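K.L.:
Those letters in the sequence shown? Residues 133 to 607, per this note's numbering, in order.
From the three backbone atoms N, C-alpha and C, an ideal C-beta is built for every residue, glycine too.
In this text the structure is predicted, and so the values were computed from the model without any measurement.
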Amino acid sequence: MQIKLFNTMSRKLEVFQPLTPGTVKFYGCGPTVYHYAHIGNLRTMIHNDILKRMFLENGYDVNHVMNITDVGHLTNDEDDSGEDKMEKGAARDNKSVWDVAQFYLDEFLHDFDDLNLMRPTAMPRATDYIAEQIDLVKKLESLGYTYKIPNDGIYYDTSKFAAYGQLTGGSLAGNRAGARVTFNDGKRNPTDFALWKFSPTDTKRQMEWDSPWGVGFPGWHAECSAMSMKLLGNHFDIHTGGEDLSRVHHQNEIAQSEPITGAPWVNYWLHWSFLVDKSGEKMAKSKGEFLGLDAVRKRGYDPMVYRYLITLGHFQTQLAFSWDAMDSAAAGYKNIIRRVADILADKTPGSIEQGVFDTWHDRILAPVSDNLKTAESLVVIQELLKDTSVNAATKRELFVFIDRLLGLQFIDRAEKLLAQENITAPDEVVLLAEQRIAAKNSKDWAQADALREHIAALGWAVLDSKNGYKLVKKA
Ligand code: AMP
Ligand code: ZN
133 MQIKLFNTMS
143 RKLEVFQPLT
153 PGTVKFYGCG
163 PTVYHYAHIG
173 NLRTMIHNDI
183 LKRMFLENGY
193 DVNHVMNITD
203 VGHLTNDEDD
213 SGEDKMEKGA
223 ARDNKSVWDV
233 AQFYLDEFLH
243 DFDDLNLMRP
253 TAMPRATDYI
263 AEQIDLVKKL
273 ESLGYTYKIP
283 NDGIYYDTSK
293 FAAYGQLTGG
303 SLAGNRAGAR
313 VTFNDGKRNP
323 TDFALWKFSP
333 TDTKRQMEWD
343 SPWGVGFPGW
353 HAECSAMSMK
363 LLGNHFDIHT
373 GGEDLSRVHH
383 QNEIAQSEPI
393 TGAPWVNYWL
403 HWSFLVDKSG
413 EKMAKSKGEF
423 LGLDAVRKRG
433 YDPMVYRYLI
443 TLGHFQTQLA
453 FSWDAMDSAA
463 AGYKNIIRRV
473 ADILADKTPG
483 SIEQGVFDTW
493 HDRILAPVSD
503 NLKTAESLVV
513 IQELLKDTSV
523 NAATKRELFV
533 FIDRLLGLQF
543 IDRAEKLLAQ
553 ENITAPDEVV
563 LLAEQRIAAK
573 NSKDWAQADA
583 LREHIAALGW
593 AVLDSKNGYK
603 LVKKA
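#1: Could you give the distance in angstroms between the alpha-carbon of Val472 and the alpha-carbon of Phe187?
#2: Could you name the residues, in chain order, whose CB is less than 5 angstroms away from a heavy atom belonging to the ligand ZN?
#3: Scan the region 510-550 and note each continuous alpha helix (DSSP H) run of 4 residues or more that stays entirely inside, going in chain order.
#4: By the DSSP assignment, the alpha helix (DSSP H) with Asp426 in it spans what residues?
#5: Which word fits Lys430, buried or exposed, when buried means at least 16 other C-beta atoms lie within 10 angstroms of its C-beta?
#6: Can you name the start and end residues of the beta strand (DSSP E) that Asp216 belongs to?
#7: With Asp369 and Phe158 assumed to form a contact (beta carbons below 8 angstroms), what rounded beta-carbon distance in angstroms separates them?
#8: Is there at least one non-hydrogen atom of the ligand NAP closer than 7 angstroms to the beta-carbon of Met339?
#9: Residues in its own chain within less than 6 angstroms of Phe330 by CB, not counting five upstream and five downstream?
#10: In the structure shown, what three-state DSSP assignment does Asn173 receive?
#11: For the ligand AMP, I want to know if Thr176 counts as a neighbour, meaning its beta carbon is within less than 7 angstroms of at least one of the ligand's heavy atoms.
#12: Near Glu239, what residues of its chain come up, given a Cβ to Cβ distance below 7 angstroms and the 5 sequence neighbours on each side ignored?
#13: For Val313, count neighbouring Cβ atoms within 10 angstroms of its own Cβ and tell me buried if that reaches 16, exposed if not.
#14: Between Ile160 and the rest of its own chain, which residues show a CB-CB distance below 6 angstroms, the 5 nearest in sequence each way excluded?
#15: Which residue wins for smallest C-alpha separation from Leu145, given the options Ser501, Met177, Leu241 and Ala416?
#16: Count the other CB atoms within 10 Å of the CB of Ser142; is the residue buried (16 or more) or exposed (fewer)?
#17: For Phe447, which of helix, strand or coil comes out of DSSP?
#18: Can you tell me whether Ala607 is buried or exposed, with buried defined as 16 or more other CB within 10 angstroms of its CB?
#19: By how many angstroms is the C-alpha of Asp216 removed from the C-alpha of Asp202?
#20: By Cβ distance below 7 angstroms, which residues in the same chain neighbour Gly214 in space, the five residues on each side in sequence not counted?
#21: Note down the Cα distance separating Lys572 from Lys414, rounded to an integer number of angstroms.
#22: Which term fits Lys479, buried or exposed, when burial requires 16 or more other beta carbons within 10 angstroms of its beta carbon?
#23: Ignore the nearest five residues each way along the sequence and tell me which others in Tyr166's own chain have a CB closer than 7 angstroms to its CB.
#24: Would you check whether the ligand AMP has a heavy atom nearer than 7 angstroms to the C-beta of Asp409?
#25: Excluding five sequence neighbours on each side, which residues of the same chain lie with their C-beta closer than 7 angstroms to the C-beta of Ile386?
#26: Quick one: what does DSSP say Pro350 is sitting in, helix, strand or coil?
#27: Beta-carbon of Leu563 versus every beta-carbon of chain B: anything under 8 angstroms?
#28: Between which two residues does the alpha helix (DSSP H) holding Lys605 run?
#29: Between Gly432, Leu510, Leu327 and His381, which has its C-alpha nearest Gly539's C-alpha?
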């Protein structure tokens, strides 16, 4: 099936052509592990996962690399000033930097699994690739792209890279204006950035390494160039990240990489729009107050409901998060689960009708392959649920595919629902339910309601069904 993606670099929808037939090499910027991931970060990870699943379903092998930033990300990305986020996290939590990194990485992976995100092929940590980052800086130095600011670090001279700014349509002027307020005196150009920072002379850093330029640590951007080229090669297909990364981080990654590769580095750039609050403010870890997936769990939502909410939107549009939006997503998700459970419970004999399967398969995959329009595929899925001409066996097989494509675990949740409903009610509850049917038959509505309440007090819900009633254990 033809795949189309909106490429930030060309600002156009482009037909995807892999560098190697049948394979996608894809790098997605991962988390800075100094704090819990918030649900905005996780939105970004969900979009990466949808992208990957779409390729898998189209028959590609996907080599997906996601970095773990555990060093060098300063609180002010724009001018390489401020504290190292990791050291800041360590001071806040009263732990070593290494322990902080491990703790938040584990927490992040817990969220990752709860959202049914496929683990990347590789998850390199910046601190495991210091030699590669030093090597990158050495190469840039030998090519004449660097200069030193005493007592500060080795910087990249962006005026030497003619294409600088191409990712945001040459909006270099905007970058300059934005950076002016905190413009570092020693820089030759406001957009220049640190490749290697020197350790301060008055305090000891927990993470620091020897280098040809002195003891210090790599600038944040270095890791993504060094690790992606090491793990995916000098030219790869796709690079992704949240929308904030296009203006500085990705621009700088290109500037670091293309002088070395001597050719275009990445073919397709995808940027996921932010999750914002009601007033349109970006959810940010640095603000201190943010919602993690734990807040979603604590409010009693299945993490899948959050994934479903993201699937209802599109990556090029910001999404305003609210608990009301979660409530309607929960209702929609539950509704699908109920109907999938009915399909699973349907014991009508029948076998998979291949032609019917193929038609629906393609109808559901097509919008996702067309710039990841997941919401449109959910509309087709609703249509499938309503279509009585498709037999249960075919529908079941289609939901196996839908779960692979969208990762929404419909079958798993439907099976759990059925298991819960199939728990046999104790005799006492069954007796009350029988009495309620008798009361209903004699139109004694008050008695029927009282019996329903009695049953509820014993932890069961009684539902009317075609053959009488159904008893469901309450969660
Ligand atoms: P960080 O952990 O801050 O390095 O961010 C990890 C990823 O989450 C990056 O790709 C960011 O661009 C992305 N991101 C940060 N904030 C948001 C947000 N509010 N909505 C969506 N993605 C975000
Ligand atoms: Zn990156």
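P.N.:
Let me lay it out:
#1: Counting from one through the sequence shown, the residue named residue 472 turns up at place 340. Counting from one through the sequence shown, the residue named residue 187 turns up at place 55. If you take the alpha carbons of Val472 and Phe187, they lie about 25 angstroms apart.
#2: Cys161 and Cys356
#3: 524-538
#4: One-based indexing of the sequence shown puts residue 426 at position 294. Its alpha helix (DSSP H) spans residues Leu425 to Lys430.
#5: Position 298 of the sequence shown, counted from the start, is the residue given in the question as residue 430. Lys430 comes out exposed.
#6: Position 84 of the sequence shown, counted from the first residue, corresponds to residue 216. Unbroken beta strand (DSSP E) run through Asp216: Ser213 to Asp216.
#7: Position 237 of the sequence shown, counted from the start, is the residue given in the question as residue 369. Position 26 of the sequence shown, counted from the start, is the residue given in the question as residue 158. Correct: roughly 6 angstroms between the Cβ atoms.
#8: Judged by which ligands are present, the ligand NAP is missing from the structure shown, whose ligands are the ligand AMP and the ligand ZN.
#9: Counting from one through the sequence shown, the residue named residue 330 turns up at place 198. Within the same chain, Phe330 has close Cβ partners Gly285, Gly346 and Gly348.
#10: Along the sequence shown, read from residue 1 onward, the residue named residue 173 stands at position 41. Helix, per DSSP.
#11: Counting from one through the sequence shown, the residue named residue 176 turns up at place 44. Yes, the beta carbon of Thr176 sits closer than 7 angstroms to at least one heavy atom of the ligand AMP.
#12: For the purposes of this step, residue 239 is taken as the residue at position 107 of the sequence shown. These residues qualify, in order along the chain: Tyr168.
#13: Taking the sequence shown and counting its residues from 1, the one referred to as residue 313 is at position 181. At Val313, the pLDDT of 44 sits below 50, so the modelled position is not reliable; the number obtained from the coordinates is stated separately. It counts as exposed.
#14: For the purposes of this step, residue 160 is taken as the residue at position 28 of the sequence shown. Correcting the residue identity first, residue 160 is Gly in this sequence and not Ile. Around Gly160: Asn180, Met198 and Thr372.
#15: By one-based count along the sequence shown, residue 145 stands at place 13. Ranking the options by Cα distance to Leu145, first place goes to Ser501.
#16: Reading the sequence shown from its first residue, position 10 is the one you call residue 142. Burial call: exposed.
#17: The residue given as residue 447 occupies position 315 in the sequence shown. If DSSP states are grouped into helix, strand and coil, Phe447 belongs with coil.
#18: Start at 1 with the first residue of the sequence shown, and residue 607 comes out as number 475. That one is exposed.
#19: The count along the sequence shown starts at 1 and reaches residue 202 at position 70. The count along the sequence shown starts at 1 and reaches residue 216 at position 84. Near 10 angstroms, if we compare the C-alpha coordinates of Asp216 and Asp202.
#20: Taking the sequence shown and counting its residues from 1, one reaches residue 214 at position 82. Closer than 7 angstroms at the Cβ level, and outside the excluded window around Gly214, lie Leu206, Thr207 and Asn208.
#21: Against the sequence shown, residue 572 aligns to sequence position 440. Against the sequence shown, residue 414 aligns to sequence position 282. If you take the alpha carbons of Lys572 and Lys414, they lie about 54 angstroms apart.
#22: Within the sequence shown, residue 479 is the residue found at index 347, counting from 1. With fewer than 16 Cβ atoms within 10 Å of its Cβ, Lys479 is classed as exposed.
#23: Locating residue 166 in the sequence shown gives position 34, where the first residue counts as 1. Result list for Tyr166: Lys217, Met218, Lys220, Gly221, Val232 and Tyr236, in chain order.
#24: Walking along the sequence shown from the start, residue 409 turns up at place 277. Checking the Cβ of Asp409 against the ligand AMP gives no.
#25: Here residue 386 corresponds to residue number 254 of the sequence shown, with the count starting at 1. Closer than 7 angstroms at the Cβ level, and outside the excluded window around Ile386, lie Leu299 and Trp397.
#26: Here residue 350 is taken as the residue at index 218 of the sequence shown, counted from 1. Three-state DSSP puts Pro350 in a strand.
#27: Structure shown: chain B not included; a single protein chain is present.
#28: Here residue 605 refers to the residue found at position 473 when the sequence shown is read from its first residue. Taken as a continuous stretch (DSSP letters only), Lys605 belongs to no alpha helix (DSSP H), being part of the beta strand (DSSP E) at Gly600 to Lys605.
#29: Residue numbering aside, residue 539 sits at position 407 when the sequence shown is read from its first letter. Among Gly432, Leu510, Leu327 and His381, the Cα nearest to that of Gly539 belongs to Leu510.
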